[in-house]
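Peer 1: Below is one structure. I have some questions about it.
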Amino acid sequence: MESTRTLADKIFLVLKGIGMGAANKVPGVSGGVVAFVAGFYEEFIYSLQKVNRKALKLLFNGRFKSFFQYINGRFLGLLFLGMVISYFSVSKILDYFIKHYELYVWSVFFGMIIGSIYYIGKDFKDWNYKTCIAIIIGIVIGIGISFLDPATENDNLWFVFFCGIISVTGMTLPGFSGSFILILLGNYVLLLVDSVNALYDTLFEIIKGNFSFIYNVARIRMLKVLAVFTLGSVTGLVTFSHLLSYILKRYKRITISVIIGFIIGSLGVVWPWKKTIYKLLEDGSIQIDSQGAKVIENYSRYIPELNAQTWTAILFIVIGILIVLALEVYGQKTKPKKQDA
């Protein structure tokens, strides 16, 4: 597989990782959809599934090259490189646009999900009562999640580890938004904003030769939280990949049907026209995070009036659809190379 990838393919793989990382951070959007539409979802799952007992044996025996080849390391490495870049760059840009142009950002994602439904559904030929029931179940679960009430923040390390396991569902299961699940668990700001910012500040201080953070109890606590969350995420990623690999091999039609349902159901989560409900303090004021941003608790959706702003949002929905169609065209161009491999 790797020998057939050109330099352009590798660059695009990093860009896809950036896309996954950015999508994973936005509540309601699933990084798994990016993998599915961009045509590398199954390779992603099967590569993660290679992180097993045999891989660990190779690693602990010092056979690093064999370990790297066995787990499709170059593919995973380029993909995760893109995700890391995203978390410290694109995600920051997304935060800015969501803060200042929220309606249009949601519109683009809404369009991308519509395009994803078309992309996945157009080649789906296995229509029968079982797959239809599976799609309906996926839709009901997807919509149901969007109406759940969020919990309060909890920095207990065992719970943080559990959050890490759950949060990666968005990477492995298209249509499930890991970041939206974190909002429901009450830990979105703690794990994807405060702890990441703590790491960013710490790395910046280390580069400047400033190690005073080791005396900062709050900072150390945040770094511990991030480390445990990362460990939970890795655990969840490997665990879910083994489960999904097993399911895809034996129940591929039903699995694809449920995924289509999840993605359709997620349209309710990313509906562009919604009012943001902010988390309130005991005195009735809005809670502010460490970066001065208002802490989001949930969303209230509504039907918009037809005005200039609405038509502009619809234009951005079309742009979102076109982005997915462009990814499809790229996927079709690279598909023959992969088949020849």
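Counting in this note's numbering, the sequence shown tops out at residue 529, every number present.
Where is the CB? At the ideal position from N, CA and C, for every residue including glycine.
(1) Report buried or exposed for PHE399, applying the criterion of at least 16 other Cβ atoms within 10 angstroms of its Cβ.
(2) Would a C-beta distance cut-off of 8 Å place LEU267 and PHE232 closer than the cut-off?
(3) Would the beta-carbon of SER454 fall within 8 Å of that of SER365?
(4) Would you mind giving the Cβ-Cβ distance between GLY303 and GLY508, rounded to the nearest angstrom? I have them listed as a contact below 8 Å.
(5) So GLN237 packs on SER433, CB below 8 Å; how close in whole Å?
(6) Would you report the Cα separation of ARG407 and LEU414, rounded to the nearest angstrom?
(7) By the 10 Å Cβ neighbour count, where 16 or more other Cβ atoms means buried, how is GLY205 classified, buried or exposed?
(8) In angstroms, rounded to a whole number, what distance separates the CA positions of LEU469 and GLY374?
(9) Leaving out five residues on either side along the sequence, give the residues of the same chain with a beta carbon under 6 Å from the beta carbon of LYS463.
(10) So, for VAL506: in the same chain, excluding its five sequence neighbours on each side, which residues have a beta-carbon less than 8 Å away from its beta-carbon?
(11) Mapping the DSSP letters down to three states, classify SER218 as helix, strand or coil.
(12) Report the start-end ranges of each alpha helix (DSSP H) in the segment 254 to 330 that is 4 residues or longer and not cut off at the edges.
(13) Report back the beta-carbon spacing between LEU201 and SER235 to the nearest angstrom; my notes put them in contact at under 8 Å.
(14) Since I believe CYS320 is in contact with PHE417 (beta carbons under 8 Å), could you give me their beta-carbon distance rounded to a whole number of angstroms?
(15) Leaving out the 5 sequence neighbours to the left and right, which residues in its chain are closer than 8 Å to ILE491 when beta-carbon positions are compared?
(16) Let me know the secondary structure DSSP gives ILE491 once reduced to three states.
(17) Would ALA501 be called buried (16 or more neighbouring beta carbons within 10 Å of its own) or exposed?
(18) Please state the DSSP three-state secondary structure of ALA196.
(19) The alpha helix (DSSP H) that contains TYR234, what's its start and end?
(20) Can you pull the DSSP bridge partners for LEU468?
Peer 2: Per the coordinate set shown:
(1) Within a 10 Å sphere around the beta-carbon of PHE399 sit fewer than 16 other beta-carbons, which makes this residue exposed.
(2) Using a Cβ distance threshold of 8 Å, LEU267 and PHE232 count as a contacting pair.
(3) Against a cut-off of 8 Å, the Cβ pair of SER365 and SER454 comes out as a contact.
(4) Right, the Cβ-Cβ distance comes to about 6 Å (below 8 Å), so this counts as a contact.
(5) Between SER433 and GLN237 the Cβ distance is about 4 Å, and since that is below 8 Å, they are a contact.
(6) A straight-line Cα-Cα distance of about 11 Å links ARG407 and LEU414.
(7) Residue environment: GLY205 is assigned as buried (16 or more neighbouring CB atoms within 10 Å of its CB, all protein chains considered).
(8) Taking the straight line from one Cα to the other gives about 14 Å.
(9) The beta carbon of LYS463 sits closer than 6 Å to the beta carbons of SER488 from its chain, once the five residues preceding and following it are set aside; these are given in chain order.
(10) Apart from sequence neighbours up to five positions away, the residues of its chain that approach VAL506 with a beta-carbon distance below 8 Å are GLY299, ordered along the chain.
(11) Note: SER218 maps to coil in three-state DSSP.
(12) Within the segment 254 to 330, the complete alpha helix (DSSP H) runs of at least 4 residues fall at 261 to 275, 278 to 288, 290 to 310.
(13) In fact, because the Cβ distance is near 12 Å, the residues do not count as touching under 8 Å.
(14) With 8 Å as the limit, PHE417 and CYS320 do not qualify as a contact, their Cβ atoms being about 38 Å apart.
(15) Excluding sequence neighbours, ILE491 sits near TRP461.
(16) Looking at ILE491 - three-state DSSP - the assignment turns out to be coil, as it is neither helix nor strand.
(17) Around the beta-carbon of ALA501, 16 or more other beta-carbon atoms lie within 10 Å, marking it buried.
(18) DSSP places ALA196 in helix when its eight states are reduced to three.
(19) Following the DSSP letters along the chain, one finds TYR234 inside the alpha helix (DSSP H) bounded by residues 229 to 237.
(20) Residue pairing by DSSP places LEU468 opposite ILE474 in a beta bridge.
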